[in-house]
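Chemist: Everything in the sequence shown is counted per this note's numbering, starting at 72 for the first residue and increasing by one. Next up is a structure, given as structure tokens.
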Amino acid sequence: MYLLKSVRTGTTVVKEFLIIGLNSIEHPKLVGYIILITYCLILLGNSTIICIIALDKLLHSPMYFFICNLAFVDMLYSTSASPTMIMILIADEKRISTKLCISQMYVNHPMLAMEAFSIALMAYDRWVAISNPLRYSSILTKNNVMMLTAASWMLAAGLIGILAGIASNLPYCYIFLKYAFCDYAALVRAACVNPDDYFVVSTIILFFVLFAPFAFILFSYYKIISSVIKLSSHTNRKKMFSTCFSHLIVASCFYTPQFVAIILTRGALVLTLTQRNILFIGANLAPSLVNPFVYCLRTKEIR
Numbered sequence: 072m073y074l075l076k077s078v079r080t081g082t083t084v085v086k087e088f089l090i091i092g093l094n095s096i097e098h099p100k101l102v103g104y105i106i107l108i109t110y111c112l113i114l115l116g117n118s119t120i121i122c123i124i125a126l127d128k129l130l131h132s133p134m135y136f137f138i139c140n141l142a143f144v145d146m147l148y149s150t151s152a153s154p155t156m157i158m159i160l161i162a163d164e165k166r167i168s169t170k171l172c173i174s175q176m177y178v179n180h181p182m183l184a185m186e187a188f189s190i191a192l193m194a195y196d197r198w199v200a201i202s203n204p205l206r207y208s209s210i211l212t213k214n215n216v217m218m219l220t221a222a223s224w225m226l227a228a229g230l231i232g233i234l235a236g237i238a239s240n241l242p243y244c245y246i247f248l249k250y251a252f253c254d255y256a257a258l259v260r261a262a263c264v265n266p267d268d269y270f271v272v273s274t275i276i277l278f279f280v281l282f283a284p285f286a287f288i289l290f291s292y293y294k295i296i297s298s299v300i301k302l303s304s305h306t307n308r309k310k311m312f313s314t315c316f317s318h319l320i321v322a323s324c325f326y327t328p329q330f331v332a333i334i335l336t337r338g339a340l341v342l343t344l345t346q347r348n349i350l351f352i353g354a355n356l357a358p359s360l361v362n363p364f365v366y367c368l369r370t371k372e373i374r
């Protein structure tokens, strides 16, 4: 049963949702196996990065700690959505309980925030390393690195906790979710409320968790470029830019699909449900897949 009647109030209580956002995909099993293989590669690549950094004492430095943190975030980020999509496409199991759906949202959205925060922390590491190389060890001490990382996790959990609190108290009256997995937008549209009122809060939080770190990353690279320009040796300049290239790839892989999704879904262009879901699936899986391979191929110590 998807709906239960409340004995005391006589109102309808939604106990389960049906995720129908992937119904229009042709060859669902093929797409499901592609997502399954991608998910396995994400787990393998990121777990390998974590094991290498954990086992090699030469890699126990702030830069590699931030890389390890990003790898852990990537695994959680993809895990928050991939198993549900795989079950829908391969096993044709579209049902999910309301509590599990909200829990899934509370994992997915903080990991989105943590992706942005982690990339910003890595930009800060490169800024300090290039602009203040002699003070690098005194600025990014073990305690400071742990504090920055812990603060970013608490901030992400706290901000998304607001959305989780709202979602937990919404009066749901529709059992169908027209999205590929459980997220805040899907839950709000399944409730008996005016969604526009509830999207104001999510827009403010989304702006903070995406654009504030992005602005900090741009500022960090402004400081890095300013420092590199002052170097007299062309070889030193090339070496400094080379140390930032991997981070630039990672930042681009994360922010490009996010900005494209924001522009297309909030702009004048109207996307079909399938196009929207494919866009968000790509934004969820692509960065987590690319990141470990970037650091495996581009970082000599890990390679």
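Idealized CB from N, CA, C, for every residue including glycine. These numbers come from a predicted model, not from an experiment.
Just to confirm my understanding: we take Tyr366, look at its own chain, exclude 5 residues before and 5 after, and list those with CB closer than 7 Å. What are they?
Modeler: Ile120, Ile138, Ser317, Ile373.
Chemist: Can you tell me the Cβ-Cβ gap for Tyr255 and Met176, rounded? I've got them flagged as a contact below 8 Å.
Modeler: Right, their Cβ atoms sit about 6 Å apart.
Chemist: Hey, Ser132 and Ile201: beta-carbon distance below 8 Å or not?
Modeler: Not in contact: Ser132 and Ile201 (Cβ atoms no closer than 8 Å).
Chemist: Out of curiosity, what's the CA-to-CA distance linking Ile210 and Val199?
Modeler: Ile210 and Val199: Cα-Cα distance of roughly 8 Å.
Chemist: Pull up the CB-CB distance for Ile231 and His180, whole angstroms please, since I reckon it's below 8 Å.
Modeler: The Cβ separation is near 4 Å, so the contact holds.
Chemist: Do you know how far the Cα of Phe282 is from the Cα of Phe252?
Modeler: Between Phe252 and Phe282, the C-alpha separation is close to 24 Å.
Chemist: Going by beta-carbon coordinates alone, are Ser223 and Leu183 separated by less than 8 Å?
Modeler: Their beta carbons are not under 8 Å apart, which means Ser223 does not touch Leu183 by this criterion.
Chemist: Beta carbon of Phe88, beta carbon of Ile246: below 8 Å?
Modeler: Result yes, Cβ atoms of Phe88 and Ile246 sit closer than 8 Å.
Chemist: Excluding the five sequence neighbours on either side, which residues of its own chain have a C-beta within less than 6 Å of the C-beta of Val259, listed in chain order?
Modeler: Pro266, Tyr269.
Chemist: Taking Ser273 as the reference, which of Asp145, Tyr326, Ile300, Gly236 has the closest Cα?
Modeler: Measuring from the Cα of Ser273, the nearest candidate turns out to be Gly236.
Chemist: Kindly indicate the opening and closing residues of the beta strand (DSSP E) around Arg166.
Modeler: Taken as a continuous stretch (DSSP letters only), the beta strand (DSSP E) holding Arg166 covers 166 to 168.
Chemist: Which residues bound the alpha helix (DSSP H) around Leu129?
Modeler: Leu129 -> no alpha helix (DSSP H), and no H or E assigned at all.
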